[in-house]
C-alpha cells in the first residue's frame with residue numbers, strides 16, 4: 001500500500017496535463033454537434049421478432065454490429081434508439097469517446113469497426129505499436145496510438161489511391177475493398193495546413209497486406225512497383241528524345257514521379273485526418289485517464305525526438321514509474337541518474 005501511494009505521489013508531483021501545442025486533428029474539424037432531443041416516453045412501435053429475444057441476448061448481439069449498421073438500426077424507430085442507448089458499450093462510447101464515434105461516421109469508416117471494437121480500444125491504455133500510453137485513436141482501423149507513432153510510423157499515414165497503386169501494385173477494384181476514408185475539409189497538422197477537398201484515402205497496412213497477397217511476396221510486390229516505375233521513366237525518356245529531335249508537338253514533358261510524396265511527419269496533414277483524441281477508460285474503476293506529461297522531459301523539444309525523453313510522451317501512474325526507472329528521478333525539473341531507482345527526488 002505504501003509503495004502504491006509513493007508511486008501515485010510521484011506521478012502527481014512530477015507530471016502536468018497539457019502542452020502549449022494544438023493538434024489540428026480530425027476532432028478539431030468535425031462539424032458542431034446539434035443538441036439531441038431524447039424522448040423518454042415508452043415506444044409506441046416495437047421491433048417485431050427482435051422483441052421476443054431476452055434483453056441479455058440483444059446486449060450480446062448488437063455490440064458485434066459494425067458502427068454504420070448499428071447507427072442505421074438506431075434510426076429504425078424509438079424502440080431501436082432506446083435499445084442501442086441501453087448497451088453498456090455504447091453508453092461508455094457515448095460518454096467518453098463521442099468524438100471518436102462522430103469521426104468514424106464522418107469519414108465513413110464505420111463499416112469496418114464494430115461497437116465492441118471501439119469499446120475494447122477505449123478500455124486499452126497502450127499504444128498498439130510501442131506500448132506507451134496512447135492518447136489518440138487512429139480511426140481508419142480503430143488502433144490506439146501515441147503521438148510519436150502516429151506522426152512517424154508508415155502504418156498510420158493514410159495513402160491516396162495513386163500512391164497506394166505505385167507502392168503496392170494495386171488497382172482501384174482492390175483498393176475499394178480495403179478500409180478507406182473520405183477526409184473532412186479543414187486545418188490539419190501541428191503547423192496547420194488548410195485542406196479544402198474531400199480526399200479518398202486508404203489504410204496503408206491493409207493495402208500492403210493486399211499487395212503481398214496479390215503478388216505472392218514482399219519481394220515480388222516491390223519488384224512489380226519498380227517495373228512499373230521503370231516503364232514510366234522509359235516512356236518519359238522516349239518523349240524527351242522525341243521533343244529534342246523535333247518529332248513531338250508538345251512543348252513540355254513532365255518527369256513522372258516514381259517516389260512517394262515527402263512525409264513531413266507532424267507537419268503532414270494526412271497523418272492527422274484519421275486521428276482523434278480519446279481517453280482511456282479503466283474497466284475496473286470506471287475512471288477516465290487522459291495521460292500526463294513529464295516535467296523532466298518538458299524542455300527536450302528536439303533533443304530527444306526518438307524517446308525516451310521526448311516531451312510529447314504521455315504517461316499514466318504505472319508507465320510514469322517505469323519512465324523514472326529508465327531515465328532517472330527528477331530534480332529541479334530535470335532528470336538525473338538514479339543511484340537508487342525507487343528514490344523520489346525532493
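Residue numbers (the UniProt record's numbering): 1 to 346.
C-beta: ideal position from N, C-alpha, C; glycine also.
Bear in mind the structure is a predicted one, so any value in this text is a computation, not a measurement.
With fewer than 16 other Cβ atoms inside 10 Å of its own Cβ, residue 263 counts as exposed.
Counted as a single uninterrupted DSSP element, the beta strand (DSSP E) harbouring residue 186 occupies residues 186-188. If you check the CB distance, residue 141 and residue 203 come in under 8 Å. By DSSP's assignment, residue 276 forms a beta bridge with 137. Boundaries for residue 285: no alpha helix (DSSP H) harbours it, and the DSSP string shows neither H nor E there.
Annotated as proximal: residue 87 and residue 115, with beta-carbon spacing under 8 Å. Closest option to residue 164, judged by alpha-carbon separation, among 7, 332, 225: 225. Check the Cα spacing between residue 167 and each of 191, 146, 219: the tightest is with 219.
Within the same chain, and ignoring the five residues on either side of residue 169 in sequence, the residues whose Cβ sits closer than 8 Å to its Cβ are 211, 214, 215, 221, 224, 225, 228. Ranked by Cα distance from residue 92, the first of 296, 337, 272, 287 is 287. Going by C-alpha positions, residue 147 is about 14 Å away from residue 294. With 16 or more other Cβ atoms from the protein chains shown falling within 10 Å of its own Cβ, residue 27 counts as buried.
The residue from 330, 336, 337 with its alpha-carbon nearest to that of residue 11 is 330. Annotation: the continuous beta strand (DSSP E) that includes residue 336 extends over 334-336. Ranked by Cα distance from residue 328, the first of 102, 289, 336 is 336.
Under DSSP, residue 16 shares a beta bridge with 293.
DSSP places residue 76 in the coil class of the three-state scheme, outside both helix and strand.
Less than 8 Å divides the Cβ of residue 196 from the Cβ of residue 185. Going by DSSP, residue 327 is part of the alpha helix (DSSP H) stretching over 317-327. For residue 47, the closest alpha carbon among the candidates 64, 76, 71 is that of 76. In the same chain as residue 172, and ignoring 5 residues on each side of it, the C-beta atoms closer than 7 Å to its own belong to 161, in chain order.
Residue 97 sits away from residue 290, with the two beta carbons spaced by 8 Å or more.
In this structure, 103 is the residue among 64, 59, 103 with its C-alpha nearest to the C-alpha of residue 33. Inclusion of residue 71 and residue 110 in the CB contact set at 8 Å is warranted, their separation being smaller than that value. Per the C-alpha coordinates, the member of 269, 150, 55, 83 positioned closest to residue 133 is 150. Annotated three-state conformation of residue 126 is strand, per DSSP. Bounds of the beta strand (DSSP E) holding residue 201 are 200-202. Excluding the 5 residues flanking it on each side, residue 298 has same chain C-beta neighbours closer than 6 Å at 311, in chain order. Shown here, residue 145 sits in a strand according to DSSP, grouped into three states. For residue 182, the enclosing beta strand (DSSP E) starts and ends at 180-182. In the assembly as shown, residue 99 is a buried residue. Its beta-carbon has 16 or more other beta-carbons within 10 Å. From the listed residues 29, 57, 153, the smallest Cα separation to residue 128 is found for 153. A distance below 8 Å between beta-carbons, with the five flanking residues on each side excluded, links residue 157 to the following residues of its chain, in chain order: 204, 263, 268, 270, 271.
Straight through space, the alpha carbons of residue 314 and residue 276 are spaced by roughly 15 Å. DSSP places residue 193 in the uninterrupted beta strand (DSSP E) bounded by 193-195.
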